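Q:
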Amino acid sequence: PAQFSCWWDAQAPRVRSRSAESLAAFIEVARGVLDGVTPDPTGGADHYHTIARPEYAMVWPPKWARGREGVTVGRHIFYRLGLSGARA
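Our numbering puts the sequence shown at residues 1040 to 1127.
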């Protein structure tokens, strides 16, 4: 339930405060990636985590990410692991 911190109640005001223009820009980028027009900077990632250790985390990085190669974009690391969690 805590996988996406942007949806936590404490984060809701920050998410809701985004302007219509910035949300439209996010949607445009996402559409471009999904349509294959804009290169996917994550290389088709299906998992990610923040670089900084969250206060709630008992271990960091997450166990599933250890020893795996990821792509860093901003303050997050993205991984393409596939449905089984194995390297894809």
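Virtual Cβ for every residue (Gly too), placed ideally from N, Cα, C. This one's a predicted model, so the numbers in the text were calculated from it and none came from an experiment.
(1) Out of Glu1060, Val1112 and Trp1099, which one is the CA nearest neighbour of Pro1138?
(2) Taking Glu1103 as the reference, which of Tyr1095, Asp1074 and Ile1116 has the closest Cα?
(3) Please identify the residue among Phe1065, Leu1062 and Val1072 whose C-alpha is closest to the C-alpha of Ala1084.
(4) Between His1086 and the rest of its own chain, which residues show a CB-CB distance below 6 angstroms, the 5 nearest in sequence each way excluded?
(5) Excluding five sequence neighbours on each side, which residues of the same chain lie with their C-beta closer than 7 angstroms to the C-beta of Pro1100?
A: Judging by the given coordinates:
(1) Here the chain covers residues 1040 to 1127 and nothing more, so residue 1138 does not appear.
(2) In the sequence shown, counting from the first residue as 1, residue 1103 sits at position 64. Looking at the sequence itself, residue 1103 is Trp, so the reference to Glu does not match. With distances taken between Cα atoms, Trp1103 lies closest to Ile1116.
(3) Position 45 of the sequence shown, counted from the start, is the residue given in the question as residue 1084. With distances taken between Cα atoms, Ala1084 lies closest to Val1072.
(4) Numbered from 1 along the sequence shown, position 47 holds the residue referred to as residue 1086. Closer than 6 angstroms at the Cβ level, and outside the excluded window around His1086, lie Tyr1118 and Leu1120.
(5) Here residue 1100 corresponds to residue number 61 of the sequence shown, with the count starting at 1. These residues qualify, in order along the chain: His1088.
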